[in-house]
Amino acid sequence: MNESERSVVEAHLVRCRECRDFAADLADSPPEQMVTRATEALTPRRSRRWVAVAVGAFAAAAAALFLLVPAQPDLVSYTLRGPFGGEARLRGPTDEGAIFRADNQFELVLAPARATRNDATMFALFIEGPDGTARRTAIDEYVEKTGEGAWHLEIPAAELFRHGAGIYTVHVLVSRSRLLPDTLDPTKAPNNETQHFKTRVRFMSEKE
Numbered sequence: 653m654n655e656s657e658r659s660v661v662e663a664h665l666v667r668c669r670e671c672r673d674f675a676a677d678l679a680d681s682p683p684e685q686m687v688t689r690a691t692e693a694l695t696p697r698r699s700r701r702w703v704a705v706a707v708g709a710f711a712a713a714a715a716a717l718f719l720l721v722p723a724q725p726d727l728v729s730y731t732l733r734g735p736f737g738g739e740a741r742l743r744g745p746t747d748e749g750a751i752f753r754a755d756n757q758f759e760l761v762l763a764p765a766r767a768t769r770n771d772a773t774m775f776a777l778f779i780e781g782p783d784g785t786a787r788r789t790a791i792d793e794y795v796e797k798t799g800e801g802a803w804h805l806e807i808p809a810a811e812l813f814r815h816g817a818g819i820y821t822v823h824v825l826v827s828r829s830r831l832l833p834d835t836l837d838p839t840k841a842p843n844n845e846t847q848h849f850k851t852r853v854r855f856m857s858e859k860e
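Take 653 as the starting number for the sequence shown in my numbering and just add one per residue.
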C-alpha cells in the first residue's frame, strides 16, 4: 500500500468508529483467521476468491494502522443550562422547561466540564412537535462558541417555534461529527462522540 492509500485508510479510521472496532477485532485475531473473519463480515459482490484477496489486503492494512491511530477519548462532559428568557417555568411529572411567547428570546448554554477549544465541532438543535418527529432546525446565525468551548444559543422564540402554540421537546446535540441527521431518533443512544440533551417548552399564542 502506497503513502496515498495509507493516508486515505488512516483518515477513514479516525472518522469511523465502526471500522476502528472492526480493525481492533482483526488485530486480536491470529493472522491465519484475518481473511476468513473479514470475508464473513462482508457481503461479496464478486467471486469469493476476489473478495478474499481484497479483504486480506484491507485487513492487513487496517490492523496495522489500528496500532498507529490512537483511539479518541470520550467527548468532554457538557451541562445544559436553560432555557432562559421565557415567561415562567413549566413543570411536569418527569421534565421541566419554560413557557415562551412570540416576543421572548429563547436562550440556552451548553457548558463543558473543563475549558476546551477543539473538542466538540458541531452544535445542533432538533424540535420535536406533536407528531413525535424531531426535526433539525437551522440555527447557525444564532449560535456561537466561546473561547472556553461553551456553546451559546439565543434565538427569537417565534423563529424557533414556527408551527404555532403547543408543547415542544427541544433536543440539543453536541458532537465531534459534522454528519448529523435531519431528523433525530430520540431512542437511539449517543456514542462517545455525541451528547444529547432535551427540555420541554410550551409556546403560547398571543391570545393565551
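Just so it is clear, CB atoms sit at the ideal spot from N, CA and C, and this is done for glycine as well.
Determine the direct distance from the alpha carbon of residue j to that of residue i, and round the result to whole angstroms.
i, j, result
"residue 805", "residue 848", "16 Å"
"residue 764", "residue 776", "16 Å"
"residue 774", "residue 752", "26 Å"
"residue 833", "residue 802", "22 Å"
"residue 737", "residue 831", "30 Å"
"residue 814", "residue 828", "28 Å"
"residue 757", "residue 841", "30 Å"
"residue 839", "residue 800", "31 Å"
"residue 845", "residue 728", "9 Å"
"residue 863", "residue 732", "Here the chain covers residues 653 to 860 and nothing more, so residue 863 does not appear."
"residue 796", "residue 783", "30 Å"
Per DSSP, residue i is paired with what?
i, result
"residue 840", "DSSP, once it has assigned bridges, lists no residue as partnering residue 840."
"residue 823", "778 and 850"
"residue 806", "759"
"residue 789", "777"
"residue 740", "751"
"residue 764", "730"
"residue 818", "855"
Report all residues from its chain with a CB closer than 6 Å to the CB of residue i; omit the five preceding and five following residues, and keep chain order.
i, result
"residue 857", "817"
"residue 780", "786 and 821"
"residue 823", "778, 786, 836 and 850"
"residue 826", "730, 762, 772, 775 and 847"
"residue 760", "734, 735 and 805"
"residue 768", "728 and 801"
Quick one: what does DSSP say residue i is sitting in, helix, strand or coil?
i, result
"residue 858", "coil"
"residue 727", "coil"
"residue 800", "coil"
"residue 698", "With a pLDDT of 44 at residue 698, under the threshold of 50, the modelled position of that residue is not reliable, and no figure is offered here."
"residue 759", "strand"
"residue 831", "coil"
Only counting the same chain, and skipping five residues up and downstream in sequence, which positions put a Cβ closer than 8 Å to that of residue i?
i, result
"residue 740", "750 and 751"
"residue 789", "777, 778, 779 and 812"
Beta-carbon within less than 7 Å of residue i's beta-carbon, same chain only, minus the 5 sequence neighbours each way: which residues are those?
i, result
"residue 865", "Summary: the structure shown does not reach residue 865, with the chain confined to residues 653 through 860, and so no result is reported for it."
"residue 794", "805, 806 and 807"
"residue 754", "809, 810 and 858"
"residue 819", "852 and 854"
"residue 791", "777, 805 and 807"
"residue 766", "728"
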